[in-house]
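Novice: First, the structure itself, so that you have it in front of you.
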Amino acid sequence: MATTKMTIAKALNAGLRRAMENDPKVLIQGEDVGKLGGVFRITEHLQKDFGEDRVIDTPLAESGIMGTAIGMALRGYRPVVEIQFDGFVYPAFDQIVSQLAKLRSRSRGAIRLPVVVRIPMGGGIGAVEHHSESNEAYFAHTLGLKVVFCSNPTDAYWMIQQAIACDDPVIFYEPKRRYHEKGEIDLDASGPASDLFSARTVREGSDLTLACYGPMVRTCLDAAAAAEQEGRLLEVIDLRSVSPLDINALTTSVTKTGRLVVVHEASGFVGMGAEIAAAVTERCFYALEAPVLRVTGWNAPYPPSKIEELFLPDLDRVLDGVDRALAY
Amino acid sequence: MSDSDVVDVTRTPVQGGADHYESTLRHRPRGPHDGGPEMIQMLDPEGQRVDMGGAGEYAHHVDALTPDELRGFYRDLVLLRRFDLEATALQRQGELGLWVSLLGQEASQIGCGRAMRRQDHAFPGYREHGIAWCRGLDPMRLIAMYRGVDRCAWDPEEFGLHTYTVVIGNQVLLGTGYAMGVQRDGAVGTGDPDRDTAVVAFMGDGATAQGDVNEGFVFAGVNDSPIVFFCQNNQWAISEPNERQMRSPIYKRADGFGFPGVRVDGNDVLATYAVTKELLDRARAGQGPALIEAFTYRMAAHTTSDDPTKYRFSAEVEMWKLRDPIARFKTWLAHEGIADHTYFAQIDAEADALAAQVREATITMPDPPMGEIFDHVYVEPHRQVEDDRAFLAAYLDSFVDEEVA
Ligand SMILES: Cc1ncc(C[n+]2csc(CCOP(=O)(O)OP(=O)(O)O)c2C)c(N)n1
Ligand SMILES: [Mg+2]
Chain V
623 MATTKMTIAK
633 ALNAGLRRAM
643 ENDPKVLIQG
653 EDVGKLGGVF
663 RITEHLQKDF
673 GEDRVIDTPL
683 AESGIMGTAI
693 GMALRGYRPV
703 VEIQFDGFVY
713 PAFDQIVSQL
723 AKLRSRSRGA
733 IRLPVVVRIP
743 MGGGIGAVEH
753 HSESNEAYFA
763 HTLGLKVVFC
773 SNPTDAYWMI
783 QQAIACDDPV
793 IFYEPKRRYH
803 EKGEIDLDAS
813 GPASDLFSAR
823 TVREGSDLTL
833 ACYGPMVRTC
843 LDAAAAAEQE
853 GRLLEVIDLR
863 SVSPLDINAL
873 TTSVTKTGRL
883 VVVHEASGFV
893 GMGAEIAAAV
903 TERCFYALEA
913 PVLRVTGWNA
923 PYPPSKIEEL
933 FLPDLDRVLD
943 GVDRALAY
Chain Z
495 MSDSDVVDVT
505 RTPVQGGADH
515 YESTLRHRPR
525 GPHDGGPEMI
535 QMLDPEGQRV
545 DMGGAGEYAH
555 HVDALTPDEL
565 RGFYRDLVLL
575 RRFDLEATAL
585 QRQGELGLWV
595 SLLGQEASQI
605 GCGRAMRRQD
615 HAFPGYREHG
625 IAWCRGLDPM
635 RLIAMYRGVD
645 RCAWDPEEFG
655 LHTYTVVIGN
665 QVLLGTGYAM
675 GVQRDGAVGT
685 GDPDRDTAVV
695 AFMGDGATAQ
705 GDVNEGFVFA
715 GVNDSPIVFF
725 CQNNQWAISE
735 PNERQMRSPI
745 YKRADGFGFP
755 GVRVDGNDVL
765 ATYAVTKELL
775 DRARAGQGPA
785 LIEAFTYRMA
795 AHTTSDDPTK
805 YRFSAEVEMW
815 KLRDPIARFK
825 TWLAHEGIAD
835 HTYFAQIDAE
845 ADALAAQVRE
855 ATITMPDPPM
865 GEIFDHVYVE
875 PHRQVEDDRA
885 FLAAYLDSFV
895 DEEVA
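Written out as structure tokens, the structure is:
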């Protein structure tokens, strides 16, 4: 098997390219995605190779980008929309919530909307306001949408293709501060190793389970490596999909470890951690030896970048959560 | 050059039905971008006083300016540019997270900013450093934002300057609503020059595609609100040229919303001043909104994160260099005998001093305290916010204890 070392950014680009090669109905649209290749260069060279009809530099209007993507999907296309930064998806929120999520049930299944909304998410890049948000809970709370996160190059490459192939709308989050992290990918593999909506155990352990997704997977793996130095064996689960949520993967792990800490960048209050804690507690209460704890961004708007390190869960804060869970 | 050259819509009928057209727009080469004959211009690029696009109608505002005021415009332009270049340099040296340069747009902003009155209120985007300057904001407040120290922590009412707005177009609706409030306060059309108030909402060319901007036009139009929409058409929205955002000139859109629109040479400080002054006076008098398209050019990258060589030709930038807003004004001032070498040298020295001061203040600017995360989220305390504040404080203390022990 021939593997290639690639960044998440390049893997996404390769995945998009392959999806476009395989299906002429796949289109890309967004701000600066054409000639520039996107501000993160995720769509680099795609316009040159697939033409302006398939890679569209749109006017600067997210509601327009989203609404017209839905319209093109109604006409049989598979649009992949790029939202330039997490904080700029809100002008499109109405189209996403009122149309993208609901047209299928409204039409009693007559309509399918295979639309992918790519959103570079999260903080840690020293950006100005609105460029560091984690807004997955809004979309996960909107049934009718599926919400996934890639966390490494192999997943980036396959998951983007799986999302495009999916007949339901998918909000596809990309951890922007990890765009340049590298990993080995087998570009010749015939298909992905896992289903788009299943979690993956990325490190096995017996003492405690860390559940995470997107940018926090790397943080949790680092924390687990550090914990091992102290003789603590942490299991790390990359959820990959937060809607649908792979609850079985969590209950299986928690049944083994008895402890669960959920880690995400978004504020804790009414975040994914709350849903996960409730769902796990409902299912394996007697297996738990400690309450499910959350290590998350604080209950406040994202701060100015000079102190974003204080806001974002890091290795120390994950280990602090682990200590607290193990103290029960 | 006519309008239709600026944003040409060449449509070719396709065989098989009169209703079907194929657009050839995307294949059209970019035009010469000189603003066309409809552009109001008072100073041409060579610094000659001209009367273009019906400038005469506005000339009395320029005639009323004193030599001191004119020299003041020059000082504003030079200091602003120097501040902007210093900020770019500071970003390059890692002192700022980002800088959004206004290079080339100084005359648009100084002309507009100096036409505003104390009681007026500006709603800027993120590039309006010249407006902030004219409103009397300490430029270090802008540096603080782009250094990642705060998020525009000034009091808008103190300066008649709303916070910077990064989400494209949001501020246009806010400004429109503010103007609706001004109307309800009876602060329009009284004839009292210190009471009648107008709002200026800023946006870029790309922003004109946003729903918020168009809705702002609708609301201001139906309410006859005292607001001037000031659009700096710098020809680019990051990598996308005007052609990707619109098919008819920006200023012409006003007509469809029921208020006047004008295109002014945004690199001509006299014209931007005179046109803005006229339309602000009109708004304060209760005659409703207006749209100004300041035709200018983004000489620098979109921001310090951007690489414009990927999408535009340097020849275009070179051509716009010849239309520099400061050079032409300096030539004119000298020619008119309003300012001389001594004055220009004095302003250069002042600009050097400003740059040094900005540099020093940036390098020594402290990081915000931890409390900045939780302070001011609500007017009244909120349980979950306060819980996290206490949690983080205890967590940070645990490290201090460890270090002591
Ligand atoms: C709602 C929203 N979408 C996208 C962005 C990202 N973005 C920042 S500036 C910009 C281009 C703006 O162009 P224009 O309105 O012409 O203003 P200019 O920057 O040229 O002054 C874009 C797309 C944003 N800030 N807000
Ligand atoms: Mg622009």
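Going line by line, the protein sequences match chains V and Z. In terms of our numbering, the first sequence is residues 623 to 950. In terms of our numbering, the second sequence is residues 495 to 899. Think of the CB as a built atom: it goes at the ideal place given N, C-alpha and C, for glycine as much as any other residue. In this text, all values refer to a predicted model and were calculated from it rather than measured experimentally.
Any C-beta of chain Z within less than 7 angstroms: which residues of the region 743 to 757 of chain V qualify?
Specialist: Against chain Z - using a Cβ distance shorter than 7 angstroms - the residues of the region 743 to 757 of chain V are G748, A749, V750, E751 and H752.
Novice: Would you list, in sequence order, the uninterrupted beta strand (DSSP E) runs of no fewer than 3 residues that lie entirely inside the region 722 to 781 of chain Z?
Specialist: Runs found: 755 to 759.
Novice: In the DSSP output, what is F819 (chain V) paired with across the bridge?
Specialist: Looking at the DSSP assignment, F819 (chain V) forms no beta bridge with any residue, so it has no partner.
Novice: For the candidate residues V:D645, V:N635 and V:M781, whose alpha-carbon lies nearest to that of G660 (chain V)?
Specialist: The shortest Cα separation from G660 (chain V) among V:D645, V:N635 and V:M781 belongs to V:N635.
Novice: Would you mind giving the Cβ-Cβ distance between P837 (chain V) and I867 (chain Z), rounded to the nearest angstrom? I have them listed as a contact below 8 angstroms.
Specialist: Not really, about 19 angstroms apart at Cβ, beyond 8 angstroms.
Novice: Pick out whichever of V:G827, V:Y760 and V:P791 has its Cα sitting closest to the Cα of A888 (chain V).
Specialist: Closest option to A888 (chain V), Cα to Cα, is V:Y760.
Novice: Is the CB of N635 (chain V) under 8 angstroms away from at least one CB in chain Z?
Specialist: Chain Z, which has no Cβ nearer than 8 angstroms to the Cβ of N635 (chain V), makes this no.
Novice: Ordered along the chain, which non-local residues of its own chain (more than five positions away) have a Cβ less than 6 angstroms from that of G782 (chain Z)?
Specialist: Correct list, in chain order: D718 and F753.
Novice: What number of angstroms, rounded off, separates the C-alpha of A947 (chain V) from the C-alpha of P875 (chain Z)?
Specialist: If you take the alpha carbons of A947 (chain V) and P875 (chain Z), they lie about 29 angstroms apart.
Novice: Judging by CA-CA distance, which residue of V:R800, V:L818, V:R676 and V:L696 is the nearest neighbour of P775 (chain V)?
Specialist: Of V:R800, V:L818, V:R676 and V:L696, the residue nearest in Cα terms is V:R800.
Novice: Tell me the DSSP secondary structure of I705 (chain V) in three-state form.
Specialist: If DSSP states are grouped into helix, strand and coil, I705 (chain V) belongs with coil.
Novice: Between the region 789 to 798 of chain V and the region 819 to 831 of chain V, can you find at least three pairs of beta-carbon atoms closer than 8 angstroms?
Specialist: Segments in contact, no.
Novice: When DSSP builds the beta bridges, which residues end up paired with M546 (chain Z)?
Specialist: Z:Q535, per the DSSP bridge assignment.
Novice: Do the CB positions of L735 (chain V) and I692 (chain V) come within less than 8 angstroms of each other?
Specialist: Taking 8 angstroms as the Cβ cut-off, L735 (chain V) and I692 (chain V) qualify as a contacting pair.
Novice: Between the C-alpha atoms of D936 (chain V) and Q851 (chain V), what's the straight-line distance to the nearest angstrom?
Specialist: One C-alpha to the other measures close to 17 angstroms.
Novice: In three-state terms, what does DSSP make of A833 (chain Z)?
Specialist: Coil.
Novice: Report the rounded CA-to-CA distance for E577 (chain V) versus K632 (chain V), giving the unit in angstroms.
Specialist: Residue 577 (chain V) lies beyond the range of chain V shown here (623 to 950); nothing can be said about it.
Novice: Is L682 (chain V) near Q739 (chain Z), with beta carbons less than 8 angstroms apart?
Specialist: The answer is yes: Cβ separation under 8 angstroms.
Novice: Output yes if chain Z places a C-beta closer than 8 angstroms to the C-beta of A811 (chain V); else output no.
Specialist: Not closer than 8 angstroms to any Cβ of chain Z, the Cβ of A811 (chain V) fails to qualify, so no.
Novice: Any beta carbon of chain V sitting closer than 8 angstroms to that of Q509 (chain Z)?
Specialist: Any reading at Q509 (chain Z) needs caution, since the residue's pLDDT is 35, under 50, leaving its predicted position unreliable; the model's value is listed next. No - not a single Cβ of chain V is within 8 angstroms of the one on Q509 (chain Z).
Novice: I want to check one thing, is the minimum distance from the CB of G700 (chain Z) to the heavy atoms of ligand 2 below 7 angstroms?
Specialist: Yes, the Cβ of G700 (chain Z) comes within 7 angstroms of a heavy atom of ligand 2.
Novice: For A723 (chain V) and E684 (chain V), which I take to be in contact (beta-carbon distance under 8 angstroms), what is that distance rounded to the nearest angstrom?
Specialist: Not a contact, Cβ separation roughly 16 angstroms.
Novice: Of the residues Z:D578, Z:V769, Z:G530 and Z:V756, which one's Cα is nearest the Cα of D846 (chain Z)?
Specialist: Minimum Cα distance to D846 (chain Z) is reached at Z:D578.
Novice: Among the candidates V:Q651, V:E666 and V:Y699, whose CA atom is the shortest distance from the CA of I678 (chain V)?
Specialist: Checking every option, the nearest Cα to that of I678 (chain V) belongs to V:Q651.
Novice: What are the boundary residues of the beta strand (DSSP E) that S756 (chain V) is part of?
Specialist: S756 (chain V) -> no beta strand (DSSP E), and no H or E assigned at all.
Novice: With a cut-off of 8 angstroms, does the C-beta of G693 (chain V) fall near any C-beta of chain Z?
Specialist: No - not a single Cβ of chain Z is within 8 angstroms of the one on G693 (chain V).
Novice: Ligand 1 and N728 (chain Z): does the residue's C-beta get closer than 7 angstroms to at least one heavy atom of that ligand?
Specialist: Yes, ligand 1 has a heavy atom inside 7 angstroms of this Cβ.
Novice: Who are the neighbours of S733 (chain Z) on chain V, taking C-beta pairs under 7 angstroms?
Specialist: By Cβ distance, chain V contributes D654, K657 and L658.
Novice: So which residues on chain Z does G709 (chain V) lean against when the C-beta distance must stay under 9 angstroms?
Specialist: Simply V660 and V661.
Novice: Let me know the beta strand (DSSP E) ranges lying completely inside the region 548 to 620 of chain Z, each 3 residues or longer, listed in chain order.
Specialist: For the region 548 to 620 of chain Z, whole beta strand (DSSP E) runs of length 3 or above, ordered along the chain, are 615 to 617.
Novice: Report yes or no: do three or more beta-carbon pairs, one from the region 582 to 594 of chain Z and one from the region 752 to 768 of chain Z, lie closer than 8 angstroms?
Specialist: Short answer: they don't touch.
Novice: What residues of chain Z sit near P701 (chain V), judged by a beta carbon separation below 7 angstroms?
Specialist: The contacting residues do not exist; P701 (chain V) stays about 17 angstroms from chain Z at best.
Novice: Is R738 (chain Z) a contact residue of ligand 2, with contact defined as CB to any heavy atom under 7 angstroms?
Specialist: No; taking the cut-off as 7 angstroms, the Cβ of R738 (chain Z) has no heavy atom of ligand 2 nearer than that.
Novice: Take the Cβ of G637 (chain V) as the centre, count every other Cβ of all protein chains shown within 10 Å, and call the residue buried at 16 or more, exposed below.
Specialist: G637 (chain V) should be labelled buried.
Novice: With DSSP as the reference, label C834 (chain V) as helix, strand or coil.
Specialist: Three-state result, C834 (chain V): strand.
Novice: Would you say W920 (chain V) lies against chain Z (beta-carbon separation less than 8 angstroms)?
Specialist: Cβ-Cβ to chain Z under 8 angstroms: yes for W920 (chain V).
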